[in-house]
Amino acid sequence: MSFVVTIDGPSAAGKSTTARMLAERLGFRYLDTGAFYRALALAVLERGAGPEDPAAVLAVAQASRIEVSGSPSRAHLTLDGRDVTDAIRTPEVSELASRVAAIPEVRRLLVAWQRQIREAGPLVGEGRDLGTVVFPDAEVKIYLDADLDTRAARRCRELQTRGIAVGVEAVREDLERRDSRDRSREDSPLMAADGALHVDTSGLSMEAQVQAVLRVVQSHPAYEAVRGTA
Ligand code: DC
230 MSFVVTIDGP
240 SAAGKSTTAR
250 MLAERLGFRY
260 LDTGAFYRAL
270 ALAVLERGAG
280 PEDPAAVLAV
290 AQASRIEVSG
300 SPSRAHLTLD
310 GRDVTDAIRT
320 PEVSELASRV
330 AAIPEVRRLL
340 VAWQRQIREA
350 GPLVGEGRDL
360 GTVVFPDAEV
370 KIYLDADLDT
380 RAARRCRELQ
390 TRGIAVGVEA
400 VREDLERRDS
410 RDRSREDSPL
420 MAADGALHVD
430 TSGLSMEAQV
440 QAVLRVVQSH
450 PAYEAVRGTA
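Numbering (the working numbering), first residue to last: 230 to 459.
This is the structure we're talking about:
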């Protein structure tokens with residue numbers, strides 16, 4: 230089994246940037262599991278299926294082809310061959326993704342797809358249940374968090390950069406609602422895995438976040454064997 234680093238945590242805690250930079254520096258693959266739930270949410274939206282009907286959502290998932298490609302800094306996601314990298318980042322898709330992600334049968338299917346990616350070599354994966362459910366035997370497990378104000382300000386800036394005008398109050402409410410759903414669902418709730426290193430990114434620069442995780446990976450006994458081979 231390939232060397233895996235898992236990064237879990239709530240929305241806008243800094244997971245994506247940390248995971249991408251880490252993957253780039255280590256020469257590992259990058260796996261954004263949230264993008265899978267987002268792509269499914271987009272498919273559900275486009276086909277007019279309701280998230281309140283688990284069987285309909287599962288049918289959409291079974292009929293969809295979600296694929297990842299590219300490098301960590303230019304990761305692309307396709308839904309049935311169509312590039313949806315940007316289309317899955319809207320607030321509407323975020324909300325729906327959190328709802329479809331609470332359906333156990335859907336999770337089972339998407340987790341199976343996510344595990345297949347490990348077969349291709351060492352990777353850095355990010356999401357909510359990577360250290361607890363998807364890769365419980367991961368070599369390094371990280372739990373990233375930051376206070377709500379910091380996370381809301383970050384997400385607001387990110388959306389504005391994408392040309393989506395939003396107020397910080399609305400973003401804050403969205404984050405609170407989704408995180409609370411992600412934490413309280415019965416199947417694979419968001420939580421820190423046993424033995425995970427907790428990193429609070431509130432006052433940390435991006436470089437400091439990456440360095441904190443990089444040190445842990447590089448000091449792992451199994452790292453020597455994959456160094457330079459990825
Ligand atoms: O990380 P993100 O915001 O792109 O994730 C979108 C939604 O998908 C989020 O509300 C939680 C859900 N998700 C999940 O349940 N499990 C994962 N491993 C990743 C994301």
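Glycine is no exception: its CB is placed at the ideal position from the N, C-alpha and C atoms.
Quiz item: Just the Cα atoms here: how many angstroms apart are V289 and L339?
Solution: Rounded to whole angstroms, V289 and L339 show a C-alpha spacing of 12 Å.
Exercise. Specify the secondary structure class of L419 as computed by DSSP and reduced to three states.
Key: Reduced to three states, the DSSP call for L419 is coil.
Exercise. Determine the DSSP secondary structure at E324, reduced to helix, strand or coil.
Key: In this structure, E324 counts as helix in the three-state DSSP scheme.
Self-check item: Secondary structure of L373, DSSP reduced to three states
Solution: Strand at L373.
Quiz item: For D374, which residues of its own chain have a beta-carbon under 6 Å away from its beta-carbon, when the five flanking residues on both sides are left out?
Solution: G238, A242, D429.
Quiz item: Are M376 and S240 closer than 8 Å when you measure CB to CB?
Solution: It should be noted that the sequence gives Asp, not Met, for residue 376. Taking 8 Å as the cut-off, the beta carbon of D376 is found no closer than this to the beta carbon of S240.
Quiz item: With respect to 7 Å, is the separation between the Cβ of G263 and the closest non-hydrogen atom of ligand 1 below this value?
Solution: Between ligand 1 and G263, a heavy atom-to-CB distance of less than 7 Å is present.
Quiz item: Using 8 Å as the Cβ pair cut-off and three pairs as the minimum, do the region 281-299 and the region 321-337 touch?
Solution: Touching, yes, given that three or more Cβ pairs across the two stretches are closer than 8 Å.
Quiz item: Under 8 Å, do A268 and V313 count as touching if we go by C-beta distance?
Solution: It is a contact, given that the beta carbons lie within the stated cut-off.
Exercise. Could you tell me the distance, in whole angstroms, from the CA atom of V233 to the CA atom of V400?
Key: The alpha-carbon separation between V233 and V400 amounts to approximately 32 Å.
Quiz item: Any idea if E402 is buried or exposed, counting beta-carbon neighbours within 10 angstroms, 16 or more meaning buried?
Solution: E402 should be labelled exposed.
Practice problem: Decide if the region 345-361 is in contact with the region 249-261; the criterion is three or more beta carbon pairs, one per stretch, under 8 Å apart. | Solution: Between the region 345-361 and the region 249-261, the count of Cβ pairs shorter than 8 Å is three or higher; the stretches touch.
Quiz item: Is there contact between the region 348-358 and the region 246-256, where contact requires at least three CB pairs shorter than 8 Å?
Solution: Segment contact: the region 348-358 against the region 246-256, three or more CB-CB distances shorter than 8 Å; contact assigned.
Quiz item: Measuring from the CB of R267, is there a heavy atom of ligand 1 at a distance below 7 Å?
Solution: R267 Cβ: within cutoff of ligand 1.
Practice problem: Go ahead and pull the three-state DSSP assignment for I317. | Solution: Here DSSP, grouped into helix, strand and coil, assigns I317 to helix.
Quiz item: Would the beta-carbon of L359 be found less than 7 Å away from any heavy atom of ligand 1?
Solution: Under cutoff, so the answer is yes.
Quiz prompt | Beta bridge counterpart(s) of E296 as assigned by DSSP | solution = In the DSSP output, where bridge partners are listed per residue, E296 has T307.
Self-check item: Bridge partner(s) assigned by DSSP for T235
Solution: The partner list for T235 (beta bridge, DSSP) reads G354, K370.
Quiz item: Is A326 near ligand 1, in the sense that its beta carbon is under 7 Å from a heavy atom of that ligand?
Solution: Answer for A326: yes, Cβ within range of ligand 1.
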